[in-house]
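Read top to bottom, the protein sequences are chains A and B.
Using our numbering, you'd call the opening residue of the first sequence number 1 and step up by one each time.
Using our numbering, you'd call the opening residue of the second sequence number 1001 and step up by one each time.
Cβ coordinates follow ideal geometry from the N, Cα and C atoms, glycine included.
Computed from a prediction, not measured in an experiment: that's the story for all the values here.
Single-structure report; data block below.
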Amino acid sequence: MKRSLQRIVALAIKELLAVLKDKKSRIVLVVPPILQLLVFGYAATFDLNDIPVAIYNEDRSAPSRELVARIIGSPHFHLYTYLDNDAQITPLIDNKDVLIVMHLGQHFSADLHRGDTARVQTIIDGRNSNTALLALGYLRNIVRDFNLDWSMRNGRPPPPATVQVRSWFNSNMESRWFIVPGIIGLLSLVITTIVTALSVAREREAGTFDQLLVTPMRPVEILIGKSFPGVLIGVVEGSFILMMAVLWFEVPLRGSLGALYIGMFLFILSAVGVGLMISSLAVTQQQGMLGAFLFVVPAVILSGFATPIANMPTVVQWITYLDPLRYFLIILRGVFLEGNSAGMLLHYYWPMAIIALVTLGFAGWLFRHRIN
Amino acid sequence: MNPAKATGMRLRAMIRKESLQILRDPSSIAIAFVLPLVLLLLFGYGVSLDAKNIRLALVVEQADANTASLTGAFQRSEYFVPVSYRSIQQAERALLVNDVDGIVWLRNDFTARLLTTGNAPIGVFVNGVNANQARITEGYIEGVWQVWLSSFARQRGHDLSVPVELEPRIWFNAAVRSRYFLVPGLIAVIMTLTGAMLTSMVVAREWERGTMEALMVTPIRIWEITVGKLVPYFVLGMGGMLLSVAMALWLFQVPLRGSFWVLTGASALYMMVALGMGLLISTVARSQFVAGQIALVATFLPAFILSGFIFQISSMPEVIQAITHVVPARYFVAILQTVFMAGDIWPVLIANSAALFLMMLIFLGLARRNARKRLD
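This is how it looks when you write it as structure tokens:
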């Protein structure tokens, strides 16, 4: 027992040194995640600011100017230019100079004063349809407020019923609160997989893995020793990013840190398992790298990081159950925004534990059974 | 032997050696063809930003004809899957445990206020954790509300006229299908990945195995090595590209409104940029571990997040917007989304191609300089 422990410790130290002794690989493990967190934390947002708009106002009366002022005064929009004829519209949209052109016709104020509906033609670049829908939503909110004020001032009857929206957990609907906790999962997955996916393949390529196999070490001991650097580096970097999310990006952490760490540990263990499994299957480092890509990319895409799982077809939704990041993202967002406790998250812990057990077991079995 | 002929011979030999290496290790071919296939299938079928099947809790405290017509409007909408709850407390509990995505609450004085003072409140709660979805859900709920308002007014015999109404026309994608912009954007992500991955590990592998020194002592020149390595991987990468385009057109029915040759030309240019990035990475990193790691973080993630593929660049803070200018995928995503959905719009194509051409020169130039420096 004591010997076994000694062997594991020796191997773990050796593995850690293999990753950290080279200055370049040290830099590669530390610098990119920090840069990415900063860049992505600010960049990965669905909220729209400063959308370029062109206004073609043929009416030029007080009410039309008021509506225009409300639009370009909003932080979401930014006036690119005023137009004075129809022909200017197409090139502005085609060349992506503006996202939206609003055309207020000659009769705008006449219609308004008569009590009719004044229609505003709104042309939107649909090349990114999500952006188009969101921008239209912002515009509609501005128009709705304008309508309420106009009705009140001019004695028009209010609408018989109005919608009053309240958003839970994220009252300003800031998508950064959704994305930044996700980045903790995303970056820990990338780092952990890379550290482990090449660890066996590198030794196989160099021929030292066969030497390791003829030592008294049992496969379980090799497995634990090989897992150690991945788990350690994953947890340390994950904690750092977690700290940045709370202190730098000021995302509220409402639930229990313990619940989050149980999730993080299980998640990293499952990522280590997948990484080691890939590594044991690969004969060369290039194959190991390819395997890591083939795992990381779909794992990110299917995790619900940017696009919701509920929108996927049923068959693809089944595949997402194999993705450890899927569960960890639910845990991260649950703990951060909804204030969940460990008890509420049990459903999401055990699938990761199973993924970890199966992949680690398979990797250990492959150590001895894949010898060319 | 004259120098031109000797160069030709060395080049041919180098290309032959690289091609054989590709054929012997199937992982290169897998990177070029299997990766695009798997990713496009996953993305094309699996990923959509459109909100569909939004689970909505309906709470009606006092049911009558008016509330029934409003809840009926939600039931008929293709976006919602409404579930009735008897009390607001039950519905709130369902929202807490994620059984529903939102609540519509009609209080017991709804009809009374509807018929007298107006402004009868329709209480709406949405789960704001996913802010993008919450906003889209809010938009759909307001859409249902507006349609219901005008039909309610018509029933009571007067026209409901709102003061101002927007008449939106969404160009290039009238059906607002997110697949139309996600699939072309994904082609850019995949090509970045394959191009940079393919080459970055190749040179690193030669350093690691010591075969680079062996190459150096032969009469072959550095640029001949570079070209010899680029040609086979260019062919492989373009094969993957054609496969992706074919899938986009025939499997996912994305319209191609520009010309095929513009698309091919721009893709060839971008492939060179991606290969150039890969070469540059491989000359900086001498081990495959470092090269692979840099390729992953310097190419895939920026192409995913900073290219304008999903997230709008003009909404990012200015510092980040400045950074996106050095992400080559940004220019290619603009070209792809334009060629596929809008057509051959030359001002967009020329400006972005010029930027790509410049980046290609920079990457290949730096790669060559780095490779030479290693010699002495």
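- Task: Pull out every residue of the segment 34-45 of chain A whose Cβ sits closer than 7 Å to any Cβ of chain B, in chain order.
- Result: Gln36, Val39, Phe40, Tyr42, Ala43, Ala44 and Thr45
- CA-CA distance, Lys1373 (chain B) and Ala1367 (chain B)? Residue placement at Lys1373 (chain B) is flagged as unreliable, the pLDDT there being 49, under the threshold of 50; the coordinate-derived value follows with that caveat. Computed Cα separation, rounded: 10 Å.
- At least one CB of chain B closer than 8 Å to the CB of Gly364 (chain A): is that the case? no
- From Met1212 (chain B) to Met1009 (chain B), what does the alpha carbon distance come to, in whole angstroms? 19 Å
- When DSSP labels each residue in this structure, what does Pro52 (chain A) get in the three-state scheme? strand
- Which of helix, strand or coil DSSP assigns to Leu1058 (chain B): Three-state result, Leu1058 (chain B): strand.
- Please classify Leu1296 (chain B): does DSSP put it in a helix, a strand, or coil? helix
- By the criterion of Cβ-Cβ separation under 8 Å, what are the contact partners of Trp150 (chain A) in chain B? Residues of chain B passing the Cβ test: Pro1163 and Val1164.
- Measuring from the CB of Val236 (chain A), is there a heavy atom of the ligand FAD at a distance below 7 Å? The ligand FAD is not part of the structure shown, which contains no ligands of any sort.
- Query: Can a CB atom of chain B be found closer than 8 Å to the CB of Glu15 (chain A)?
  - Reply: no
- C-beta contact flag for Ile241 (chain A) and Leu37 (chain A) at 8 Å: yes
- Give a yes or no on whether the minimum CB-CB distance between Gly126 (chain A) and chain B is below 8 Å. yes
- Query: Taking Val1202 (chain B) as the reference, which of B:Leu1349, B:Phe1074, B:Leu1279 and B:Pro1302 has the closest Cα?
  - Reply: B:Leu1279
- Query: If you draw a straight line from the alpha carbon of Gly225 (chain A) to that of Thr193 (chain A), how long is it in whole angstroms?
  - Reply: Distance from the CA atom of Gly225 (chain A) to the CA atom of Thr193 (chain A), rounded to whole angstroms, is 16 Å.
- Distance, Cα to Cα, His107 (chain A) vs Val1144 (chain B)? 28 Å
- Flag this pair as touching only if the segment 1010-1025 of chain B and the segment 1218-1236 of chain B have three or more C-beta atom pairs under 8 Å; answer yes or no. Touching, per the Cβ criterion.
- Message: Against chain A, with Cβ distances strictly below 8 Å, would Asn1173 (chain B) count as a contact?
- Response: yes
- Message: Using only CA atoms, which one of B:Trp1105, B:Val1348, B:Thr1111 and B:Glu1165 lies nearest to Pro160 (chain A)?
- Response: Residue B:Thr1111 is the option with its Cα nearest to Pro160 (chain A).
- Neighbourhood of Thr1192 (chain B) by C-beta, 6 Å cutoff - its chain only, sequence neighbours within 5 removed: Sequence-distant partners of Thr1192 (chain B) (beyond 5 residues in either direction) whose C-beta falls short of 6 Å from its own C-beta, in its chain, are Ala1274, Thr1299, Ala1303 and Ala1329.
- With 8 Å set as the bound, which would you pick, yes or no: does the beta-carbon of Ala1006 (chain B) sit closer than that to a beta-carbon of chain A? no
- Query: Looking only at its own chain, which residues have a Cβ that is under 7 Å from the Cβ of Ile978 (chain B), when we skip the five neighbours before and after it?
  - Reply: In this structure chain B extends from 1001 to 1376, so residue 978 (chain B) is not present and cannot be described.
- Beta bridge counterpart(s) of Met102 (chain A) as assigned by DSSP: According to DSSP, Met102 (chain A) bridges with A:Ile55 and A:Thr122.
- Query: So, Asn170 (chain A) versus Val1129 (chain B), is the Cβ gap smaller than 8 Å?
  - Reply: Taking a C-beta distance under 8 Å as the contact criterion, Asn170 (chain A) and Val1129 (chain B) qualify as a contact pair.
- Interface positions of the segment 277-299 of chain A facing chain B (Cβ-Cβ less than 7 Å), listed along the chain: Thr284, Gln285, Gln286, Gln287, Met289, Leu290, Phe293, Leu294, Val297 and Pro298
- If you check the beta carbons only, do Arg1286 (chain B) and Trp1207 (chain B) fall under 8 Å apart? yes
- Residues of the segment 189-209 of chain A with a CB closer than 8 Å to any CB of chain B: list them in chain order, please. Val190, Ile194, Leu198 and Arg202
- Message: Counting only C-beta atoms, is Gly1210 (chain B) closer than 8 Å to chain A at any point?
- Response: no
- List the residues that DSSP assigns as beta-bridge partners of Glu1167 (chain B). A:Gln121
- Exposed unless 16 or more other CB atoms sit within 10 angstroms - verdict on Asp125 (chain A): buried
- Query: Thinking just about the alpha-carbon of each residue, which of B:Ile1103, B:Met1277 and B:Met1341 is nearest to the one in Phe1357 (chain B)?
  - Reply: B:Met1277
- Task: Note down, in chain order, every chain A residue with its Cβ under 9 Å from the Cβ of Glu1142 (chain B).
- Result: The contacting residues are Gly137, Arg140, Asn141, Arg144, Val163 and Val165.
- Message: For a test of the three-state rule: what should DSSP assign to Val1176 (chain B), helix, strand or coil?
- Response: Val1176 (chain B) falls in the coil class under three-state DSSP.
- Task: Determine the direct distance from the alpha carbon of Leu99 (chain A) to that of Ile184 (chain A), and round the result to whole angstroms.
- Result: 32 Å
- Item | DSSP state of Leu253 (chain A) mapped onto helix, strand, coil | coil
- Task: Consider the Cβ of Lys1052 (chain B): report whether some Cβ of chain A lies at a distance smaller than 8 Å.
- Result: yes
- Task: Tell me, to the nearest whole angstrom, how far the beta carbon of Val1333 (chain B) is from that of Ala1188 (chain B); I am working on the premise that it is less than 8 Å.
- Result: A Cβ-Cβ distance of about 5 Å is found for the pair Val1333 (chain B) and Ala1188 (chain B), placing them in contact under the 8 Å criterion.
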